[in-house]
Structures are given as structure tokens and as C-alpha cells.
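Before any comments, here is the structure.
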């Protein structure tokens, strides 16, 4: 066990001991999934910067504690915020803190189960939970959040959902780690498009596999060999990948980039080979099964 882990679990143990002294009359819906440990303000500031919060955002903090993240988002960036906590004491504290900060018109707090609350309006989600809680919450995040929603987790990752960015923040007792994800659109399934270029044209069918923000698969062309999808990536509703296609009797590397809207992708296809380099408009339509989540599990 590292020194950081030792300090962290000591703090959690103290918080659990304090939580155990609550009278029975203060019963909650169920026990909290995570004991209350406040996020240091310097970490709060970095979480908001990492998520690029603006006045157009709706920031949800799942397990909001004293409300400091959504209150700071409202004060500093003019964002709207929603804090969720199962502990009524934390909700009362959050509401009092919001009143003192003068942001009650920008934030609200919900006493409830973070696994049950509707989070579909969120454009940013903040987490300071535990590894097993993050993994249990992950399917809900992918199911309910719109492509492009940003997620920042303090200290704990999401298992095999690789973060899009990681930032270290020095602290008085240990170095904090922040993990950042952008919720990807779901593109798993079969897609079809036609492509016309100066060097040739063709109709293509792609069978796409998706694991979070990474995609792979095969592209089929009448009269041409099967081609692999490489360097496939999704960031929000933006998708990009490469393949080597048969155009005019030549094997030509092509870079595809586009925006996913429902069952269509619209963007550009760029030929990557020297003298053949050109950019064409590109539009693909989904013709096969669409996964409801951007992951195989």
C-alpha cells in the first residue's frame, strides 16, 4: 500500500466512524456508497478547468457533499449546477452554502440515490466516489448522458474505459489524480456510403465494432478486397478513422472524419497519398444494428 493510499483510507475510516454516530432518527434512504471526504478547493478549481466549464453548462456533482463543486461552478463560470447526495445533512449544508454564496438561482440540490437520479440534462458530471462505485455507475453514465458530455473523476478511474486525459494536482497530504472522459456517440453496427474522387469511386459497407471511444472493424467494397479500419476514435459526436481502399484500381489510404447525428455521419474523406491527395465530401448511413451503449458490455 502506498503512502497516498494509507492516508486516503485513514481519512475514509475516520469519516465512516463519524457517520456511524448518527442517531437512528436521522435515517436515510439507505447508507451512503461513499463516506463524506471534502474535495480540496485547489482540486475543485482544476476539475472545473479540466472540464472547460462555461456559463452554458449544467454541472452535476454525484455525491455533492457540501456543494462546493457546483457552487464554485456557478460563482466562477456562471454555470448552472445540480448536486445530488443521499445524506440529508449534506443537502442542508449545501443549500446553506449556496445561500451564503448568493447562487441559489443557479444551483439546486437533490436528496437521493445517485444511481436513480435523472442525469440526462447534464453537460458536465463530477465524481469523487470509489473504484467499485465508479464501475457500477459507468453503465448509467454511458446510457443517459449525451455524446460530448464531459466527466471528471477525482482520484479513481473507470476500469477499462480509458480516460481521454489525466492531470495530477499536488496536495498537502498526497498527489491527487483527476481523470477526464468525453462521452462518445454510439456507432457500433453496419454503415454504408458511396465515395467519388478524381482517382476513382466506389460503394462501401463498413462493419464497425466499438469499445468506448475506440472503433475498429472491416470495410467491404464490391470488386475490392476487405479493408481494415485503423486509428478509429470517437470524441463526443466526432468520429475519425483510416483505411486503405480500392479507388480506380489503386490501393489508396483514406482518412475519414465526420459528425454523428442519429443514423448518419457527415464529414470529409481525405486521400492521403502524395499526388492523389484531395478532400471529398463524405456521408454515411447506418443500415444495421445500433448498439444502445458505446461499449461491448
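Numbering (this note's numbering), first residue to last: -7 to 289.
The beta carbon of each residue, even a glycine, is placed where N, CA and C say it ideally should be.
Values in this document were obtained by computation on a predicted structure and should not be read as measured data.
Just checking, does the region 97 to 117 make contact with the region 43 to 51 on the three C-beta pairs under 8 Å criterion?
yes
Cα separation between residue 41 and residue 235?
Rounded to the nearest angstrom, the two C-alpha atoms are 36 Å apart.
Measuring CA to CA, which of 92, 76, 91 is closest to residue 110?
Per the Cα distances, 76.
Go ahead and label residue 279 buried or exposed: buried means 16 or more other beta carbons lie within 10 angstroms of its beta carbon, across all protein chains shown.
exposed
Excluding the 5 residues preceding and the 5 following residue 54 in the sequence, name in chain order all residues of the same chain whose CB lies nearer than 8 Å to its CB.
76, 106, 109, 111, 117, 118, 119, 121, 129
What first and last residue would you give for the beta strand (DSSP E) that runs through residue 292?
Lying outside -7 to 289, the shown extent of the chain, residue 292 is not represented and no answer is given.
Alpha helix (DSSP H) segment containing residue 65, residue limits:
60 to 69
Using the three-state DSSP reduction, which class does residue 303 fall into: helix, strand or coil?
Outside the modelled stretch of the chain, which goes from -7 to 289, sits residue 303, for which no answer is possible.
Taking DSSP as the reference, what is the three-state secondary structure of residue 52?
strand
Taking contact to mean at least 3 C-beta pairs separated by less than 8 Å, is the region 165 to 177 in contact with the region 28 to 42?
They touch, by the three-pair rule.
Using a 10 Å radius around the Cβ and a threshold of 16 neighbouring Cβ atoms, would you call residue 146 buried or exposed?
buried
For residue 279, does the three-state DSSP call read helix, strand or coil?
Coil at residue 279, not helix or strand.
Status (buried if at least 16 other CB within 10 Å, exposed otherwise) for residue 152:
exposed
Hey, is the region 230 to 247 in contact with the region 192 to 201, meaning 3+ C-beta pairs nearer than 8 Å?
Yes, they touch.
Where the beta strand (DSSP E) through residue 171 begins and ends
168 to 174
Would you kindly work out how many angstroms separate the C-alpha atoms of residue 209 and residue 186, rounded to a whole number?
Between the alpha carbons of residue 209 and residue 186 lies a distance of about 18 Å.
Give the DSSP-derived three-state secondary structure of residue 137 in the structure shown.
coil
Extent of the continuous beta strand (DSSP E) to which residue 98 belongs:
In this chain, residue 98 is not harboured by any beta strand (DSSP E), its DSSP state being neither H nor E.
Go through its chain and collect everything with a Cβ distance to residue 125's Cβ below 7 Å, but skip five positions before and after it.
25, 26
Extent of the continuous beta strand (DSSP E) run through residue 237
Counted as a single uninterrupted DSSP element, the beta strand (DSSP E) harbouring residue 237 occupies residues 230 to 239.
Residue 262 and residue 271 look like a contact to me (Cβ under 8 Å); what is the Cβ gap, rounded to whole Å?
Their Cβ separation, rounded to whole angstroms, is 5 Å, which keeps residue 262 and residue 271 in contact under 8 Å.
Taking DSSP's pairing of strands, which residues face residue 206 in a bridge?
DSSP output for residue 206 lists 203, 225 as bridge partner(s).
What residue from 33, 175, 196 has the CA that sits closest to residue 60's CA?
33
Please list, in chain order, all residues of the same chain as residue 87 whose beta carbon is under 7 Å from its beta carbon, the five residues on each side excluded.
Same-chain partners within the cutoff: 101.
Over what stretch of residues does the alpha helix (DSSP H) that includes residue 40 continue unbroken?
33 to 42
Taking only the alpha-carbon atoms, compute the straight-line gap between residue 141 and residue 65 and give it to the nearest angstrom.
Cα-Cα distance, rounded: 16 Å.
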